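**Student:** The structure under discussion is supplied below as structure tokens; questions concerning it will follow.
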Amino acid sequence: DTEVTQTPKHLVMGMTNKKSLKCEQHMGHRAMYWYKQKAKKPPELMFVYSYEKLSINESVPSRFSPECPNSSLLNLHLHALQPEDSALYLCASSQDHWRGEGDTQYFGPGTRLTVL
Amino acid sequence: QKEVEQDPGPLSVPEGAIVSLNCTYSNSAFQYFMWYRQYSRKGPELLMYTYSSGNKEDGRFTAQVDKSSKYISLFIRDSQPSDSATYLCAITENYGGSQGNLIFGKGTKLSVKP
Numbered sequence: 020d021t022e023v024t025q026t027p028k029h030l031v032m033g034m035t036n037k038k039s040l041k042c043e044q045h046m047g048h049r050a051m052y053w054y055k056q057k058a059k060k061p062p063e064l065m066f067v068y069s070y071e072k073l074s075i076n077e078s079v080p081s082r083f084s085p086e087c088p089n090s091s092l093l094n095l096h097l098h099a100l101q102p103e104d105s106a107l108y109l110c111a112s113s114q115d116h117w118r119g120e121g122d123t124q125y126f127g128p129g130t131r132l133t134v135l
Numbered sequence: 002q003k004e005v006e007q008d009p010g011p012l013s014v015p016e017g018a019i020v021s022l023n024c025t026y027s028n029s030a031f032q033y034f035m036w037y038r039q040y041s042r043k044g045p046e047l048l049m050y051t052y053s054s055g056n057k058e059d060g061r062f063t064a065q066v067d068k069s070s071k072y073i074s075l076f077i078r079d080s081q082p083s084d085s086a087t088y089l090c091a092i093t094e095n096y097g098g099s100q101g102n103l104i105f106g107k108g109t110k111l112s113v114k115p
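Protein sequence lines correspond, in order, to chains L and R. Position one of the first sequence corresponds to residue 20 (the numbering used here), numbered consecutively onward. Position one of the second sequence corresponds to residue 2 (the numbering used here), numbered consecutively onward.
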């Protein structure tokens, strides 16, 4: 089973709202990722968690706040977003991070976020 | 110079055709190569991964890596309308502070006409 699940599938929020995106995997993977994908563009890396610790933050604005409560769960907390933050937010996981073949990343279906 | 180059297409072929999708990369230290398929408004789905030069086959799909030319390809035999999607090549960095990060090509949009 190579499934990564994400909820919700769609989210519409105002610029003053606070919301959270959730991601879950049960493959025993120890690395989890958040990506942002705009239309007709490849995914852009936002954050990497390795063994439940934040290891990479790609200079993402503080209105995006990641959290890894345990090895199977990954959250992305959203606050005071801008309309240009509207995108598909993808979660991915891999067996490990920077260990070669174990880096193969499996993606979830994404959350389509619209900021009004 | 971008690290991974991929022709964005679009590419349109008739059903049953052989499709060739290609990427080039600039850094000879890159080691792990993947192809993802992404249907419209869905997450990327891993199709193939390889780490050595040569061919790897899985059903109708063949991934080819030529490290000497820094060139990777995905071939789809007997293409089907259900293969219509965007195909992303991705390479794993294996050095420096970005070890383990995926570098994506722009993606090639493929349409297979019945």
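All residues carry an ideal CB built from backbone N, CA and C; glycine is no exception. Predicted model only: the values in this text are computed from it and were never measured.
Count the other CB atoms within 10 Å of the CB of L/Ala106; is the residue buried (16 or more) or exposed (fewer)?
**Tutor:** Position 87 of the first sequence, counted from the first residue, corresponds to residue 106 of chain L. It counts as buried.
**Student:** With distances taken Cα to Cα, identify the nearest neighbour of L/Gln114 among L/Pro102, L/Tyr108, L/Ser90, L/Trp53.
**Tutor:** Stepping through the first sequence from its first residue, residue 114 of chain L is reached at position 95. Closest by alpha carbon: L/Ser90.
**Student:** Hey, is the segment 68 to 78 of chain R in contact with the segment 19 to 27 of chain R, meaning 3+ C-beta pairs nearer than 8 Å?
**Tutor:** Contact between the segment 68 to 78 of chain R and the segment 19 to 27 of chain R is present: 3 or more CB-CB pairs across the two stretches fall below 8 Å.
**Student:** In whole angstroms, give me the CA-to-CA distance for L/Leu30 and L/Lys41.
**Tutor:** Your numbering for residue 30 of chain L matches position 11 in the first sequence. Your numbering for residue 41 of chain L matches position 22 in the first sequence. Each residue's Cα considered, the two are about 12 Å apart.
**Student:** At which residues does the beta strand (DSSP E) containing R/Met49 begin and terminate?
**Tutor:** Along the second sequence, one-based indexing puts residue 49 of chain R at 48. Where R/Met49 is concerned, the enclosing beta strand (DSSP E) stretches over 46 to 51.
**Student:** With DSSP collapsed to three states, give me the class of R/Pro82.
**Tutor:** Here residue 82 of chain R refers to the residue found at position 81 of the second sequence. Correct three-state label for R/Pro82: helix.
**Student:** Closer than 7 Å, CB to CB, is R/Phe105 near chain L or not?
**Tutor:** Here residue 105 of chain R is taken as the residue at index 104 of the second sequence, counted from 1. At least one chain L Cβ lies under 7 Å of R/Phe105.
**Student:** Counting only beta-carbon atoms, is L/Phe66 nearer than 7 Å to chain R?
**Tutor:** On the first sequence, residue 66 of chain L is found 47 positions in, with the first residue counted as 1. No, L/Phe66 lies away from the interface with chain R (no Cβ there is under 7 Å from its Cβ).
**Student:** Are the Cβ atoms of R/Lys110 and R/Gly10 separated by less than 7 Å?
**Tutor:** Here residue 110 of chain R is taken as the residue at index 109 of the second sequence, counted from 1. Here residue 10 of chain R is taken as the residue at index 9 of the second sequence, counted from 1. For R/Lys110 and R/Gly10, yes; Cβs fall inside 7 Å.
**Student:** When Cβ atoms are compared, which residues of the segment 20 to 36 of chain R fall closer than 9 Å to chain L?
**Tutor:** Gln32, Tyr33, Met35
**Student:** Which bits of chain R does L/Tyr137 rub up against, with CB to CB less than 7 Å?
**Tutor:** No answer is possible for residue 137 of chain L: the residues shown for chain L start at 20 and end at 135.
**Student:** Whose C-beta lies closer than 6 Å to the C-beta of R/Phe105 among residues of the same chain, with five residues either side of it excluded?
**Tutor:** By one-based count along the second sequence, residue 105 of chain R stands at place 104. Excluding positions up to five away in sequence, the list reads Leu89, Ala91.
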